[in-house]
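Chains as they are written, first to last, in my numbering: chain A, 1 to 181; chain B, 182 to 362.
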């Protein structure tokens, strides 16, 4: 069955962006680039909620024809929203039905990895529906105090198994977990 | 100058206890025992707020005479509260003046390490006053969803330097940081 993974770079206190959306504290490095390149090779679908799409849309909709053509060859993107009326970008599909049901069916079809992106609201509903299989975090050495949280309350305790943890460039700690079932 | 450290075991989503105070998910091991034994050798003062004291007090006040005598030889304990009227336990002092001022003076006196315990409210005020030097966390492989947070909003961004991170028994990730100044 296809693996659904959720993760992000975050601060030590668990925020993926500051209160003002700031991500200037993110550390990009060759280590991160290698990890992400390997990860994306296995992914053929990206899921995101309305708010994450709002951040991604200007890039997707207004990119150059060349960039849009390149992105259209990448993973299919599914935007989950009951209020959006449509998205206009190559390779992007709007889903207004129940996210849990949609992803449950998606997992049963043949395909590669499924990546859940964004600020945790979609991920939370998918955690609640027990549809997320792996969690990956890149903990940055900073306390932000407030901001957009990586994890929200899925309403139940979720046990994990650590798959790997290692220090990468910039004093970041990269850890991956599998949801224990 | 004396090192003030704050830390705890926590869930991957940053809680030191569940909403009901549950800590049944904590994993004790020889690894943890070794780390804590080494840590406590360097500590001669423990700081806690009223709520943490409320949890610790029944142990401290009602222990056997033998246990109390043993604890009295351990680190001095300082309980910070403006509402408590007194604490009755050997080696425990109530501090009703400003915590920041008290700890600032304490750091300038000779002595060993200072450990900040508890649910983050005292730690938050000491982070805000830039009095915490080191942070240690033992991240357990579980998402609790809700509970008592390890970190609260100190009102400013606090950059850290990673000192060490390693996997210990039970899939826990132990990391220590120094506050960057």
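Ideal Cβ positions, reconstructed from N, Cα and C, are used throughout, including at glycine.
The structure presented is a predicted model; accordingly, all values stated were derived computationally and were not measured.
Item to complete: Could you please give the first and the last residue of the uninterrupted beta strand (DSSP E) stretch that includes residue 302(B)?
Response: As a first step, residue 302(B) must be located in the second chain, where it is residue number 121. From DSSP, residue 302(B) is part of no beta strand (DSSP E) but of the alpha helix (DSSP H) over 302-309.
Item to complete: Could you round the C-beta distance between residue 134(A) and residue 178(A) to whole angstroms and report it? I think they count as a contact, below 8 Å.
Response: On the first chain, position 134 is the one that residue 134(A) refers to. On the first chain, position 178 is the one that residue 178(A) refers to. At roughly 6 Å, the Cβ-Cβ gap stays under 8 Å, so residue 134(A) and residue 178(A) are in contact.
Discussion item. Assuming the contact rule is C-beta atoms closer than 8 Å, residue 175(A) and residue 137(A) should be a hit. Round their C-beta distance to whole Å, please.
Written reply: If you number the first chain from 1, residue 175(A) lands on position 175. If you number the first chain from 1, residue 137(A) lands on position 137. Correct: roughly 6 Å between the Cβ atoms.
Worksheet item: Would you call residue 217(B) buried or exposed, if buried means 16 or more other Cβ atoms sit within 10 Å of its Cβ?
Response: Stepping through the second chain from its first residue, residue 217(B) is reached at position 36. Under this definition residue 217(B) is an exposed residue.
Worksheet item: For residue 356(B), which residues in chain A fall below 7 Å Cβ to Cβ?
Response: Residue mapping note: residue 356(B) aligns to position 175 of the second chain, counting from 1. Result: 173.
Worksheet item: Alpha carbon to alpha carbon, what distance is there between residue 304(B) and residue 337(B)?
Response: Looking up residue 337(B) in the second chain gives position 156. Looking up residue 304(B) in the second chain gives position 123. Cα to Cα, residue 337(B) sits roughly 14 Å from residue 304(B).
Discussion item. Below 8 Å on the Cβ atoms is my contact criterion, and I expect residue 297(B) with residue 185(B) to pass it. Report the Cβ-Cβ distance as a whole number of Å.
Written reply: What you label residue 297(B) is simply residue 116 of the second chain in a count that begins at 1. What you label residue 185(B) is simply residue 4 of the second chain in a count that begins at 1. The C-beta separation of residue 297(B) from residue 185(B) comes to about 6 Å, placing the pair in contact by the 8 Å criterion.
Item to complete: Could you give the DSSP three-state label for residue 181(A): helix, strand or coil?
Response: For the purposes of this step, residue 181(A) is taken as residue 181 along the first chain, with counting starting at 1. In the structure shown, residue 181(A) sits in coil (DSSP, three-state: anything other than H, G, I, E or B).
Worksheet item: Once you ignore the five residues that flank residue 257(B) on each side, which residues in its own chain have a CB closer than 6 Å to its CB?
Response: Residue mapping note: residue 257(B) aligns to position 76 of the second chain, counting from 1. Around residue 257(B), the same chain offers 226, 272 as residues with beta carbons nearer than 6 Å, after the five sequence neighbours per side are excluded.
Worksheet item: With 16 as the cutoff for other CB atoms within 10 Å, does residue 56(A) come out buried or exposed?
Response: Looking up residue 56(A) in the first chain gives position 56. Buried, because 16 or more other Cβ atoms sit within 10 Å of the Cβ of residue 56(A).
Discussion item. Output needed for residue 13(A): all residues of its chain with C-beta closer than 8 Å, excluding positions within five of it in sequence on either side, in chain order.
Written reply: Start at 1 with the first residue of the first chain, and residue 13(A) comes out as number 13. Cβ neighbours of residue 13(A) beyond the five flanking positions: 143, 144, 145.
Discussion item. Give the list of continuous beta strand (DSSP E) stretches no shorter than 3 residues that lie fully inside the segment 201-287 of chain B.
Written reply: 224-230, 257-261, 273-276
Fill in: Cβ shell of residue 6(A) (< 7 Å), same chain only, five flanking positions each side left out
Counting from 1 along the first chain, the entry for residue 6(A) is found at position 6. Excluding residues up to 5 positions away in sequence, 116, 123, 132, 135 lie with their Cβ nearer than 7 Å to the Cβ of residue 6(A) in the same chain.
Item to complete: Taking only beta-carbon positions, decide if residue 230(B) is within less than 8 Å of chain A.
Response: Counting from one through the second chain, the residue named residue 230(B) turns up at place 49. Closer than 8 Å: no.
Worksheet item: CA-CA distance, residue 343(B) and residue 287(B)?
Response: Numbered from 1 along the second chain, position 162 holds the residue referred to as residue 343(B). Numbered from 1 along the second chain, position 106 holds the residue referred to as residue 287(B). Those two C-alpha atoms are separated by around 26 Å.
Discussion item. If you measure between the beta carbons of residue 329(B) and residue 351(B), is that distance less than 8 Å?
Written reply: Your numbering for residue 329(B) matches position 148 in the second chain. Your numbering for residue 351(B) matches position 170 in the second chain. It is not a contact, given that the beta carbons lie outside the stated cut-off.
Worksheet item: What are the residues of the segment 114-143 of chain A that lie near chain B, defined by any Cβ-Cβ distance shorter than 8 Å?
Response: 127, 135, 137, 139, 141, 142, 143
Worksheet item: Roughly how many angstroms lie between the CA atoms of residue 141(A) and residue 26(A), to the nearest whole one?
Response: Within the first chain, the letter at position 141 stands for residue 141(A). Within the first chain, the letter at position 26 stands for residue 26(A). Cα-Cα distance, rounded: 10 Å.
Fill in: Closer than 8 Å at the beta carbon, the chain A residues around residue 339(B)
Taking the first residue of the second chain as 1, we reach residue 339(B) at position 158. Within chain A, the residues placing a beta-carbon under 8 Å from that of residue 339(B) are 142, 143, 145, ordered along the chain.
Worksheet item: Any residues in the segment 12-28 of chain A with a beta carbon nearer than 8 Å to a beta carbon of chain B? Which ones, in chain order?
Response: 12, 13, 14, 18, 25
Worksheet item: Going by Cα to Cα distance, which pick from 234(B), 293(B), 215(B) is closest to residue 264(B)?
Response: Within the second chain, the letter at position 83 stands for residue 264(B). That would be 234(B), whose Cα lies nearest to the Cα of residue 264(B).
Worksheet item: So with Cβ pairs under 8 Å, would you call residue 335(B) a contact of chain A?
Response: Stepping through the second chain from its first residue, residue 335(B) is reached at position 154. Judged by the 8 Å Cβ criterion, residue 335(B) is in contact with chain A.
Discussion item. Can you pull the chain A neighbours of residue 332(B), defined as C-beta to C-beta under 7 Å?
Written reply: As a working note, residue 332(B) is residue 151 in the second chain. Near residue 332(B) (Cβ distances below 7 Å), the residues of chain A are 13, 143.
Discussion item. Can you list, in chain order, the residues of its chain with a C-beta nearer than 8 Å to that of residue 192(B)? Leave out the 5 residues immediately preceding and following it.
Written reply: Here residue 192(B) corresponds to residue number 11 of the second chain, with the count starting at 1. Excluding sequence neighbours, residue 192(B) sits near 206, 320, 321, 323, 324, 325, 328.
Worksheet entry | Residue range of the unbroken beta strand (DSSP E) whose run includes residue 332(B) | Locating residue 332(B) in the second chain gives position 151, where the first residue counts as 1. Run containing residue 332(B): none; DSSP gives neither H nor E here.
Practice prompt. Give a yes or no on whether 8 Å exceeds the smallest Cβ distance from residue 346(B) to chain A.
Written response: As a working note, residue 346(B) is residue 165 in the second chain. Closer than 8 Å to some Cβ of chain A, the Cβ of residue 346(B) qualifies, so yes.
Worksheet item: Buried or exposed: where does residue 361(B) fall if 16 or more other Cβ atoms within 10 Å of its Cβ makes it buried?
Response: Here residue 361(B) refers to the residue found at position 180 when the second chain is read from its first residue. Exposed.
Practice prompt. Could you tell me the distance, in whole angstroms, from the CA atom of residue 289(B) to the CA atom of residue 277(B)?
Written response: Within the second chain, numbered from 1, the residue matching residue 289(B) stands at position 108. Within the second chain, numbered from 1, the residue matching residue 277(B) stands at position 96. Between residue 289(B) and residue 277(B), the C-alpha separation is close to 20 Å.
Item to complete: Kindly list, in the order they appear in chain B, the residues whose Cβ is closer than 8 Å to that of residue 161(A).
Response: Reading the first chain from its first residue, position 161 is the one you call residue 161(A). 322, 352, listed in chain order.
Practice prompt. Establish whether the CB of residue 269(B) and some CB of chain E are separated by less than 8 Å.
Written response: Absent from the structure is chain E; the protein chains it does hold are A and B.
Worksheet item: Quick one: what's got a C-beta closer than 7 Å to residue 275(B)'s C-beta in the same chain, skipping five residues either side?
Response: Indexing the second chain from 1 puts residue 275(B) at position 94. The answer, listed in chain order, is 260, 262, 265, 267, 268.
Discussion item. Within 10 Å of its beta-carbon, does residue 127(A) have 16 or more other beta-carbons around it, so buried, or fewer, so exposed?
Written reply: Counted from its first residue, the first chain places residue 127(A) at position 127. Its Cβ being crowded by 16 or more others within 10 Å, residue 127(A) is buried.
Discussion item. Quick check on the DSSP output: the beta strand (DSSP E) that includes residue 16(A) runs from which residue to which?
Written reply: Here residue 16(A) refers to the residue found at position 16 of the first chain. It spans 15-17 - the beta strand (DSSP E) in which residue 16(A) sits, taken as one unbroken run.
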